[in-house]
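Last residue of the sequence shown: 423 (my numbering), numbering continuous.
Built from N, CA and C at the ideal position, the CB exists for glycine as well.
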Amino acid sequence: MEIESEISRLKKEQNAIVLAHYYELDEIQKNADFIGDSLALAQIAAKTNADVIVFCGVKFMAETAKILSPEKKVLLPIEDAGCPMADMATKEDVLRKKKELGNPVVVSYVNTNADVKSVSDICCTSANAVNVVSSLSEKEVLFVPDRNLGEYVAERVKDKVVHLWEGYCPTHEAFDIKELEKLKKRYPEALVAVHPESPKAVRDAADFIGSTSGILGFVQKSSAEEFIIGTEEGILFEIKRTTSNKKFHIIGGSAVCFNMKKTRLEDLYNAIKYERHEITLDEDIINKAYAPIKRMISIKRG
Ligand code: 13P
Ligand code: SF4
């Protein structure tokens, strides 16, 4: 296809790499240099030699890449591809809550805006959240903004007091235990793999809980042939590409993150050709948000 070869040509010409999250459209994942979960993509952004990073994902991911590599040009093809959960916490509210609670350590999920990161002690993704919280010497933690991931962490790190924020991901929050039970009855042989952003009842009924790459690895290694999946359905592109003869059912029939699906191939092409849309952040924010992200990168996956 012509647009695909043009993208390849422009990438070489500009020494650009294309990073894409597993929730992006298939046509984007097919044309990316790297696909991965939030942690893997942040790690690549931290060490790439490319001059330009085109981030096919949502804004907090591109911002994280910019904070880790401020000298590089970071492009987000769709300017308003945001994460509704990230917008559920503001810097002012986090500082107010922190004061109210007597100054606990602030752990912010990487799904936050840059100014929230700038007032956090350490970041985490769903892949390392348990290890991040376990690594802290402090006993009290304010976990921002996902209450489901925070609760999942609290259940596993028993020696900490984890204060939860009232944020959630609309896509994962919609997974309903009744729908899951129906699927389990209909497909009794199927194993259930869900993302920790899912509600507790759904997590408790799962055989595996993990990040997007955790779910991918679980399905790839399992000898089971049928799976019920509790995460955004874009993950099925890489799962199907790397496995054969397995069947999948998404809880509720479908799960879409509309922001992840905004980027089409044409937008990727326009992003590289016209340098759209460059992420710019205040130098002060970059300096303050760097430390918690860098600290997170040094912690292992769970
Ligand atoms: P992962 O870190 O598991 O890739 O998830 C990112 C995300 O946005 C989940 O909704
Ligand atoms: Fe945000 Fe949920 Fe979309 Fe992930 S799936 S980017 S948490 S809205």
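Between the CA atoms of residue j and residue i - distance to the nearest angstrom
i, j, result
"V323", "E396", "42 Å"
"D93", "A314", "Any answer about residue 93 is impossible in this case: the structure gives the chain only from 122 up to 423."
"P198", "D280", "43 Å"
"V262", "I418", "19 Å"
"F264", "Y273", "11 Å"
"K187", "L304", "41 Å"
"E404", "A235", "11 Å"
"I407", "E184", "9 Å"
"T292", "A311", "22 Å"
"E221", "I124", "54 Å"
"N441", "I149", "Lying outside 122 to 423, the shown extent of the chain, residue 441 is not represented and no answer is given."
"G271", "V237", "16 Å"
"K260", "H284", "11 Å"
"M182", "H370", "28 Å"
"I126", "L389", "Per the sequence presented here, residue 126 reads as Ser, with Ile not at that position. Cα to Cα, S126 sits roughly 12 Å from L389."
Cβ neighbours of residue i in the same chain (closer than 7 Å, five flanking residues each side left out)
i, result
"A248", "D158, L160, S332, S334, G335, R422 and G423"
"K394", "L131"
"V278", "V251, V254 and S255"
"T233", "F181, A207, A210, V265 and P266"
"L386", "I124, E148, I149 and N152"
Supposed close pair residue i, residue j - CB separation, criterion 8 Å
i, j, result
"Y144", "G288", "Not quite, the Cβ-Cβ distance comes to about 18 Å (not below 8 Å), so this is no contact."
"S319", "N269", "6 Å"
"V227", "L257", "Actually they do not touch by this definition, with Cβ atoms about 11 Å apart."
"A207", "G178", "12 Å between Cβ atoms; not a contact."
"K194", "V173", "5 Å"
Beta-ladder partner(s) of residue i, from DSSP
i, result
"I371", "I350"
"V261", "The residue you asked about is not Val; residue 261 is Glu in the sequence shown. V282, per the DSSP bridge assignment."
"E127", "E127 pairs with nothing; no bridge assigned."
"K440", "Nothing in the structure corresponds to residue 440, since the chain is present only between 122 and 423."
"C244", "S229"
"L312", "F348"
"V340", "DSSP output for V340 lists no bridge partner at all."
Exposure of residue i, with buried meaning 16 or more beta-carbon neighbours within 10 Å
i, result
"V282", "exposed"
"P266", "buried"
"K219", "buried"
"L216", "exposed"
"T384", "buried"
"K299", "exposed"
"P317", "buried"
"F176", "buried"
"T401", "exposed"
"S344", "exposed"
"S129", "exposed"
"E213", "exposed"
"E353", "buried"
Residues near residue i by beta carbon distance below 6 Å, same chain, minus five either side
i, result
"M381", "Y144 and E145"
"T246", "S159, L160 and V231"
"K368", "E347"
"M209", "P266 and G288"
"F155", "L140 and I165"
"A392", "V175, L196 and P198"
"C290", "M206 and E318"
Own chain, CB closer than 8 Å to residue i, minus 5 neighbours either side, in chain order
i, result
"T364", "V340 and Q341"
"L189", "A163, A166, A167, Y411, I414, K415 and I418"
"A326", "I298, L301, E302, K305 and V313"
"F296", "V315, S319, P320, V323, G351, I372, G373 and A376"
"A171", "N136, A137, I138 and K193"
Closer than 7 Å to chain D by CB, residue i
i, result
"N366", "The question asks about chain D, but that chain is absent: this structure has only one protein chain."
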